[in-house]
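Enquirer: Residues 29 to 119 in the working numbering are what the sequence shown spells out, letter by letter.
Note that CB positions come from ideal geometry on N, CA and C, so glycine has one too.
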Amino acid sequence: METYKGKNILYSLGNFCYGGSPNPSDKDTIIYQHILTINTELGEIINSDYKIVPALISSDPSKNNYQPVIATGKEKDRIMEKFLKLSETMD
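1. By Cβ distance below 8 Å, which residues in the same chain neighbour Asp-54 in space, the five residues on each side in sequence not counted?
2. I'd like the span of the alpha helix (DSSP H) that includes Glu-69, first residue to last.
3. Could you please give the first and the last residue of the uninterrupted alpha helix (DSSP H) stretch that includes Ile-107?
4. Determine the DSSP secondary structure at Leu-84, reduced to helix, strand or coil.
5. Could you tell me which residues DSSP puts in a beta bridge with Ile-37?
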């Protein structure tokens, strides 16, 4: 992820659960959630935030079963650290 003029840019979101490989060597991914709070009376955004959720593209570590799962524990920490490190290179 990179930030440009105050806006987040994410790349390759279509690869989240891509079916091109039956067993990709890297099954790490993230879920990007953008949260908007909107004043419906005025039709204006009053708050904009985001959340990064570390995940795996497969629930089976030995193959791609095309069933993404949210990472937990040490795996979650490892994926988040990797994501942040990769994002540093985008600055």
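Expert: On the basis of the data shown:
1. Answer for Asp-54: no residue qualifies.
2. Looking at the DSSP string, Glu-69 is not in any alpha helix (DSSP H), and its letter there is neither H nor E.
3. Ile-107 -> alpha helix (DSSP H) spans 101-116.
4. Of the three classes helix, strand and coil, the one that applies to Leu-84 here is strand, per DSSP.
5. DSSP output for Ile-37 lists Glu-30 as bridge partner(s).
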